[in-house]
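As structure tokens, the structure follows; a few thoughts come after it.
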Amino acid sequence: MHKFTVLAVALLVLVLHVHAQTERRECTGRRETYQECNNSCKEPKCNGPANPTCPDVCIPGCYCRPGTLRNKKNVCVPPSKCPV
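The sequence shown lines up with residues -20 to -1, 1 to 64 when you count with mature numbering (1 follows the signal peptide of the UniProt record, and there is no 0).
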């Protein structure tokens, strides 16, 4: 019985690991893309450049695609749509 429990737990861990690796990561924003390693502090924004003093940490998540900026409404827009 003990061997069966160990085998069942090992199989469950393996299935969960594979599922986590293959899970699709989708962003809801039209101009966003999922990145495994980025930092929202470094992301360029409409109201100014990215913060150059951000800590160098990887934070997976949805970030603006290249050539777009995040506005005050937290939406990625082309630079021409940023308020002046």
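The beta-carbon is built from N, C-alpha and C at its ideal position, and this holds for glycine as well.
Local Cβ density within 10 Å of residue i, reported as buried at 16 or more and exposed below that
i	result
Tyr14	exposed
Cys56	buried
Cys44	buried
For residue i, the three-state DSSP class (helix, strand or coil)
i	result
Lys53	coil
Cys17	coil
Leu(-5)	Unreliable positioning characterises Leu(-5) in this predicted model, as indicated by a pLDDT of 48, which lies under 50. The coordinate reading is nonetheless provided below. If DSSP states are grouped into helix, strand and coil, Leu(-5) belongs with the helices.
Reference residue i, options the options, closest by Cα
i	options	result
Asp36	Glu6, Lys52, Cys21, Glu16	Cys21
Lys53	Cys17, Cys26, Arg5	Cys26
Val49	Glu23, Cys42, Val64, Ile39	Val is not the amino acid found at residue 49; the sequence shown has Leu there. Checked all of Glu23, Cys42, Val64, Ile39; the closest Cα to Leu49 is Glu23.
Glu12	Cys34, Pro58, Thr33, Pro29	Pro58
Asn51	Asn19, Val64, Glu16	Val64
Gly19	Cys62, Gly28, Ile39, Gly47	At residue 19 the sequence reads Asn, which differs from the Gly that was named. Considering only alpha carbons, the answer is Ile39.
Residue i - partner residues in DSSP beta bridges
i	result
Gly28	Lys25
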